[in-house]
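Engineer:
Residue numbers (the numbering used here): 7 to 457.
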């Protein structure tokens, strides 16, 4: 079976696996690859998660990873304006992120000039291409929960915050028109068997047992890929290059799957390709990100007719979902009429409205106690997006409420309390972790491995 990605004339893409904060090296690698292909540049760089948009030492304490791996890396230079990304860049969230930062951009937004986070789930356009994105990794025990994690985090919050939620996947499953590209950090469940799996398991032998036990990959990403069936689907997470062709279901189109490694010497972490498209592209360059009308209608439907994306984790499931409609089609069509009437073509261009909202990196060591308790910084981009769609901004929070939450400290996690005999709440600083014990986020179904 031919699993190569054939390249033709069209929109020039660079695709990279896990970012892990190494933007200088990634951008230099893209420039070198363009030089070898005699390309002037790329229209878009896609990074498949673990981007690590760490603005300062406070953010680094909100990244779920062993302390020995924590470092400021490169992103803070792009956030502060010391450097500017040379290529338009989009990324989805993974399981090693400044989760507090990405939480502030739930619907998507600029984390730095020319660098766009796709949010928990999204569909955007780049010229004629429609690009769908899904952030996070699969943990079945958190799938049907709301987004309940909010600063200050306890130890388990640092892990559960990046677990995919059913609500966000359900939005993607309402898309009815063709998508060209799909992105997820986690591999869609079962895709490992659709390529040269023998070679994969020779290179990554620890994956074989999980795959044979049905514990590798994301059920949520599989739902999305099987429904959307884009021509291309990109993932990262498992730190290896792997190509596959999931067979079409009924009359669905063929999808080419590609996973890539993280940016390290001698690793397969980058691929350049031209995605064919109808019409002439040169006159449209430089291509701009634009909102997708269908996705805006879906987003408005969920915001107006469903429960808030943020809720208390202890609220029973039935109380969170009793206002959700079983059939979205009619309501989405109604919201689409509103979008067409109130959102002009000019409004569809994603505004380049990045602004610094959190302190820039001051050179301090993240392990010092003064960086233990980072504050939430509501992002004006989220407020403006909600205003454009005339939807409630569930992420709005006053300074007084932020202060109250900081004084109260991390929420008590019943699971940690049970497993540790009530010994403390955990915290957002590594040196303050007391909760957790054996219960350190769990491995669950589709666990994969990150380190």
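Glycine included, C-beta positions come from ideal geometry on N, C-alpha and C.
Helix, strand or coil for residue 35? Go by DSSP, reduced to three states.
Structural biologist: If you number the chain shown from 1, residue 35 lands on position 29. Helix.
Engineer: Going by DSSP in three states, residue 376 sits in which element: helix, strand or coil?
Structural biologist: Your numbering for residue 376 matches position 370 in the chain shown. Here residue 376 sits in helix by DSSP.
Engineer: Let's test the definition: count the other Cβ atoms within 10 Å of the Cβ of residue 173 and tell me whether it reaches 16, buried, or not, exposed.
Structural biologist: As a first step, residue 173 is located in the chain shown; it is residue number 167 there, counting from the start. Flag for residue 173 reads buried.
Engineer: With the cut-off set at 8 Å, would you say residue 108 and residue 388 are in Cβ contact?
Structural biologist: In the chain shown, residue 108 corresponds to position 102, counting from 1. In the chain shown, residue 388 corresponds to position 382, counting from 1. Not closer than 8 Å, so no.
Engineer: Check whether the Cβ atoms of residue 178 and residue 127 lie closer than 8 Å to each other.
Structural biologist: Looking up residue 178 in the chain shown gives position 172. Looking up residue 127 in the chain shown gives position 121. In this structure, residue 127 lies closer than 8 Å to residue 178 by Cβ.
Engineer: Assuming residue 361 and residue 106 form a contact by the criterion Cβ under 8 Å, report the distance between their Cβ atoms to the nearest whole angstrom.
Structural biologist: Within the chain shown, numbered from 1, the residue matching residue 361 stands at position 355. Within the chain shown, numbered from 1, the residue matching residue 106 stands at position 100. With a Cβ gap of about 17 Å, residue 361 and residue 106 do not count as contacting.
Engineer: What are the uninterrupted segments assigned as alpha helix (DSSP H) that are 4 or more residues long and contained completely in the stretch 24-105, given in chain order?
Structural biologist: The stretch 24-105 contains these whole alpha helix (DSSP H) runs: 29-43, 63-66, 81-86.
Engineer: Please confirm if the stretch 43-62 is in contact with the stretch 92-106, defined as three or more CB-CB distances below 8 Å between the two stretches.
Structural biologist: Contact holds: three or more Cβ-Cβ distances are below 8 Å.
Engineer: Reducing DSSP to helix, strand and coil, say where residue 16 ends up.
Structural biologist: Position 10 of the chain shown, counted from the start, is the residue given in the question as residue 16. Residue 16 falls in the coil class under three-state DSSP.
Engineer: In chain order, which continuous runs of the alpha helix (DSSP H) of length 4 or greater are located wholly inside the stretch 176-252?
Structural biologist: List check, alpha helix (DSSP H) in window: 203-209, 212-218, 225-234.
Engineer: Judging by CA-CA distance, which residue of 320, 314, 89, 333 is the nearest neighbour of residue 466?
Structural biologist: Here the chain has residues from 7 to 457 only, and residue 466 is not among them.
Engineer: Report the residue from 305, 27, 81 whose alpha carbon sits nearest the alpha carbon of residue 366.
Structural biologist: If you number the chain shown from 1, residue 366 lands on position 360. Measuring from the Cα of residue 366, the nearest candidate turns out to be 81.
Engineer: Return the residue from the list 83, 197, 161 that minimises the CA-CA distance to residue 216.
Structural biologist: Start at 1 with the first residue of the chain shown, and residue 216 comes out as number 210. Taking only the C-alpha atoms, the option nearest residue 216 is 197.
Engineer: At which residues does the beta strand (DSSP E) containing residue 296 begin and terminate?
Structural biologist: As a position in the chain shown, residue 296 is number 290, starting the count at 1. 295-297 is the extent of the beta strand (DSSP E) around residue 296.
Engineer: I need the DSSP call for residue 154, collapsed to helix, strand or coil.
Structural biologist: Translated into positions along the chain shown, residue 154 becomes position 148. Correct three-state label for residue 154: coil.
Engineer: Let's see if you can read the secondary structure: which residues bound the alpha helix (DSSP H) around residue 347?
Structural biologist: As a working mapping, residue 347 is identified with position 341 in the chain shown. Element bounds for residue 347: 335-348.
Engineer: So residue 389 is in the alpha helix (DSSP H); what residue range does that whole segment cover?
Structural biologist: By 1-based counting over the chain shown, the position of residue 389 is 383. 386-395 is the extent of the alpha helix (DSSP H) around residue 389.
Engineer: Which same chain residues end up closer than 7 Å to residue 229 when comparing Cβ atoms and leaving out the 5 residues on each side of it in sequence?
Structural biologist: Counted from its first residue, the chain shown places residue 229 at position 223. Same-chain partners within the cutoff: 175, 179.
Engineer: Tell me whether the beta-carbon of residue 149 lies closer than 8 Å to the beta-carbon of residue 131.
Structural biologist: Within the chain shown, residue 149 is the residue found at index 143, counting from 1. Within the chain shown, residue 131 is the residue found at index 125, counting from 1. No, the Cβ-Cβ distance between residue 149 and residue 131 is not below 8 Å.
Engineer: Quick one, are the C-beta atoms of residue 309 and residue 397 less than 8 Å apart?
Structural biologist: Looking up residue 309 in the chain shown gives position 303. Looking up residue 397 in the chain shown gives position 391. Yes, the pair counts as a contact, with Cβ atoms nearer than the cut-off.
Engineer: Once DSSP output is grouped into helix, strand and coil, what is the label at residue 272?
Structural biologist: As a working note, residue 272 is residue 266 in the chain shown. Residue 272: coil per DSSP, three-state reduction.
Engineer: Could you check what DSSP says for residue 22 in three-state terms: helix, strand or coil?
Structural biologist: Taking the chain shown and counting its residues from 1, the one referred to as residue 22 is at position 16. In this structure, residue 22 counts as strand in the three-state DSSP scheme.
Engineer: Can you give the beta carbon distance from residue 461 to residue 91, rounded, assuming they're within the 8 Å contact cut?
Structural biologist: In the structure as shown, the chain begins at 7 and stops at 457. Residue 461 is therefore absent and cannot be evaluated.
Engineer: Are the CB atoms of residue 227 and residue 194 nearer to each other than 8 Å?
Structural biologist: Numbered from its first residue, the chain shown carries residue 227 at position 221. Numbered from its first residue, the chain shown carries residue 194 at position 188. Yes, Cβ-Cβ distance for residue 227 and residue 194 is below 8 Å.
Engineer: What's the gap between the Cα of residue 412 and the Cα of residue 378?
Structural biologist: Position 406 of the chain shown, counted from the first residue, corresponds to residue 412. Position 372 of the chain shown, counted from the first residue, corresponds to residue 378. Cα-Cα distance, rounded: 11 Å.
Engineer: Quick one: using the 10 Å Cβ neighbour count with 16 as the cut-off for buried, is residue 418 buried or exposed?
Structural biologist: Residue mapping note: residue 418 aligns to position 412 of the chain shown, counting from 1. Looking at its Cβ environment, which holds fewer than 16 other Cβ atoms inside 10 Å, residue 418 is exposed.
Engineer: Tell me the rounded alpha-carbon separation between residue 347 and residue 181.
Structural biologist: Working through the chain shown from its first residue, we reach residue 347 at position 341. Working through the chain shown from its first residue, we reach residue 181 at position 175. One C-alpha to the other measures close to 20 Å.
Engineer: Given this structure, state the Cα-to-Cα distance separating residue 254 from residue 233, to the nearest angstrom.
Structural biologist: For the purposes of this step, residue 254 is identified with residue 248 of the chain shown, where counting begins at 1. For the purposes of this step, residue 233 is identified with residue 227 of the chain shown, where counting begins at 1. Taking the straight line joining both Cα atoms gives about 11 Å.
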